[in-house]
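I have placed the structure first, in the form of structure tokens, so that the comments after it can refer back to it.
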Amino acid sequence: MPKKIFFLGLIITIISIISGCALQKKSPKLENVTLKLKWLHQAQFAGNYAAKEKGIYEKYGLNTTLEPFSFESPTIEAVVSGKAEFGITGADELMLAREKGLPIKALAVIYKTNPVCAYSLQNSNITKPQDFLGKTIGIERASDGTEVNIGILYSAMMSRLGINREKINEITIGYDASELLAGKTDISTGYIINEPHQVVEAGQKVNTILMADYGVNMYADVLFTTEDIINKKPDLVEKFVRATLDGWQFAIENQEETIDMILKYAVNSSREHQKYMLETSIPLIYTGDSPLGWMDAKQWEGVQRTLFDQEILKKPIRPENAYTMEFLNKIYNIKNKQKVSVRLSWLHQNQFAGFYAADQMGFYNQEGINVNLHSAGYGLSVEDQILAGESSFGVSTAINFLKKISEGKKLKAIAAIHQQDPTVFISLKEKNMKTLQDFKNITLAGSDTGIESVKMMLTKNNIDFSSVNFIPKKYGIKSLTDPAVDVLTGVSFNELIDAQNNNLELNALYPKDNNINGYHNIIFATEEFIQKNPELVKKFMKASLEGWKYVVSHPNESTNFVFEYDMGLNPTHQEKMLKDSIRYIAPEKNTQIGRMTKEKWQTTYDDLKAIGEIKNEFDVDQIFTNEFIQ
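The opening residue of the sequence shown carries number 54 in my numbering; numbering runs sequentially from there.
Here is the structure:
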């Protein structure tokens, strides 16, 4: 062999060895992760199969195991215990887990539109919820009878539409269409991506009613992990979210190939069924109004409200803590405007309509600020949340605000939303509670603010409060129908409207008609925040006041803004709430919205002091400013 050829071969061999070593160095070891699914293998998780089978997870350095749901190791339990790094669950289940103190957060949403539906045989002519009256409907529930998201959304829809469920025979069914096909139900509930096709496969035609089309929608599948993994392994989380969304993008664009992948996992299913499931899922996953996986604060607020109204969630929590946008913002390179957050004093409803108008009419956008409106959370008061820096601005009652100031807290009111107090004391007509003199030896149900209003009102009118028995209430008018309760405290634009909507004959007594008439909802911030951010406060207040002015001058146009934050609210109630609220926002034609006076603050201060609720005296001149009222 010629020497040149020998040395050339040797050089090529050496280069090959070196190149191989270099390639080995460039191929780092894959990190093992497990994704625990929400249910058994099916097209519901098509994006994950695509990411696995097309090497997308591997491209991001991940060796991913896709583990189906099992009753022995439920999804949330598996992730919290460390058996899986990531999981897919429902937004409702995630919120309930956080209520229990489990430290998990959503990273991205898969199903933006919830697939929960009601379905029936086509020849039954059941095409809308009102057709359920007089029929038997099957509700999918857990084996122990616990309501799952299907029952929750069904209840929310019927409540929103005002349909009397006593005229419907509701039974519990399993997770398939067998009861409908056997004639045991007229209507059954399930996922539009699954059970209705079982009816078609049985040779029947089917009608479907998607509950989201009737104003009740909760995120269905969300990708989640623990706060610990988010904090300690943010790079891992970002890679996994990126890979999963890339997988879904592939599944949407390559459906036939994706079905082949699905069938490797869903081995006992038919191609036809999985094709139907995928085709039906895609419009619910990619809705066209935002990128894949994108989450919206208003939707999360709506999840909380639906769960709370259905008494599934026992106490309001902070929805913004249930999810993080950190990774989606990185993935989609979102550059945010100047951020502002507002903590409301209660759940989303039209007593806060001015903020919704400022958002929906673009007033905040015109000022170059991005405002997140957070409903009340459980635990810390609104004032304490603002002091802790959890939000920029707060909305609270003047009474609670003054009590917190008396504890030495450095807060300042910057506007009064309600110029008059809408508190009302309502009782059934049969109780004959018409005057303050009738408040002796009664049982009163209400909130802490309500009880203080009663104390102030009775004290100011020289009536002994000690004979009143107080029972704290949770929410709504249920306390009013309790035989042990004589009077319920509330506000005219909420509890009073609820009572009237339930056709209850009532007596109503207002503190404002009995020498108690301070401010109600006020906007405030810490003194430090105002001093450090005067321009931001100015922008926020300018836009917010424009929103409130718009509401007062355009009540009909403003009624529906709230549904961007909570679709499940009752439209009639919200319309009445807004119209009633306006008379407290602008009680007179020449009212300058938001402006405050020392005289009014002083009156409430003196009334609170008279009942021992002012711990330390202070000058009311120092606790408010009209600087930002234009």
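Note that the Cβ used here is the ideal one computed from N, Cα and C, for glycine as well.
Rounded to whole angstroms, Leu-511 and Val-540 show a C-alpha spacing of 14 angstroms. In the pairwise beta carbon analysis, the region 291-303 is classified as touching the region 95-110: at least three pairs are separated by under 8 angstroms.
When the Cα atoms are used, Asp-362 and Gln-404 turn out to be separated by approximately 17 angstroms.
Here the region 155-164 makes contact with the region 367-386; the two share three or more CB pairs at distances below 8 angstroms. Following the DSSP letters along the chain, one finds Leu-360 inside the alpha helix (DSSP H) bounded by residues 350-362. Your pair Ile-550 and Met-630 checks out as a contact, with CB atoms roughly 6 angstroms apart and the cut at 8 angstroms. In this structure, DSSP gives Pro-156 a state outside helix and strand, which the three-state scheme calls coil. Within the region 387-451, the runs of beta strand (DSSP E) at least 3 residues long that lie entirely inside it are, in chain order, 391-396, 422-427, 446-450. Tyr-618 carries a coil assignment under DSSP once its states are collapsed to helix, strand and coil.
DSSP places Ser-500 in the coil class of the three-state scheme, outside both helix and strand. Here the alpha carbons of Lys-653 and Asp-288 stand approximately 54 angstroms from one another.
Beyond the five residues adjoining it in sequence on each side, Arg-648 comes within less than 7 angstroms, by CB distance, of Asn-679, Ile-682 in the same chain, given in chain order. In this structure, Val-275 is the residue among Leu-562, Lys-328, Val-275 with its C-alpha nearest to the C-alpha of Leu-147. Between the region 229-238 and the region 140-154 there are fewer than three inter-stretch CB-CB distances shorter than 8 angstroms, so the stretches are not counted as touching. When secondary structure is reduced to three states using DSSP, Ile-524 falls in the strand class.
A direct Cα-Cα distance of roughly 6 angstroms separates Asn-116 from Val-86. Only exposed fits Leu-186, as fewer than 16 other CB atoms lie within 10 angstroms of its CB.
For a cut-off of 8 angstroms, the C-beta gap from Ser-322 to Gln-95 is around 7 angstroms, short enough to register as a contact.
By the criterion of at least three beta-carbon pairs nearer than 8 angstroms, the region 658-668 is in contact with the region 504-518.
Excluding residues up to 5 positions away in sequence, His-427 lie with their Cβ nearer than 6 angstroms to the Cβ of Glu-373 in the same chain. With a cutoff of 7 angstroms on beta-carbon distance, Val-544 and Thr-496 are scored as not near each other.
The beta carbon of Leu-206 is closer than 6 angstroms to those of Val-169, Met-264, Val-269 in its chain, skipping five residues each way along the sequence.
Counting of Cβ neighbours within 10 angstroms places Glu-436 among the buried residues, the total reaching 16 or more. For Val-253, the enclosing alpha helix (DSSP H) stretches over residues 248-254.
In the DSSP annotation of this structure, Ala-561 is not part of any alpha helix (DSSP H); the continuous beta strand (DSSP E) holding it starts and ends at 559-562.
Beyond the five residues adjoining it in sequence on each side, Gln-257 comes within less than 6 angstroms, by CB distance, of Leu-174 in the same chain, given in chain order. In this structure, DSSP gives Asp-674 a helical state, which the three-state scheme calls helix.
In the DSSP annotation of this structure, the continuous segment of the beta strand (DSSP E) that includes Tyr-244 starts and ends at 240-244. As DSSP reads the structure, Ile-141 sits in a beta bridge with Leu-276. Within its own chain, the residues whose Cβ lies closer than 6 angstroms to the Cβ of Ile-224, once the five positions on either side in sequence are excluded, are Gly-191, listed in chain order.
Listed as beta-bridge partners of Phe-478 by DSSP are Thr-542, Leu-562.
Contact check for Gly-243 and Tyr-172: beta-carbon distance about 7 angstroms, within the 8 angstroms limit, so the pair qualifies. It is roughly 27 angstroms from the alpha-carbon of Ile-439 to the alpha-carbon of Thr-542. When only Cα atoms are considered, Ile-221 and Lys-237 end up about 14 angstroms apart. Sequence-distant Cβ neighbours of Ser-343 in its own chain, meaning closer than 8 angstroms and more than five residues away, are Lys-165, Asp-349.
A direct Cα-Cα distance of roughly 14 angstroms separates Ile-335 from Tyr-272.
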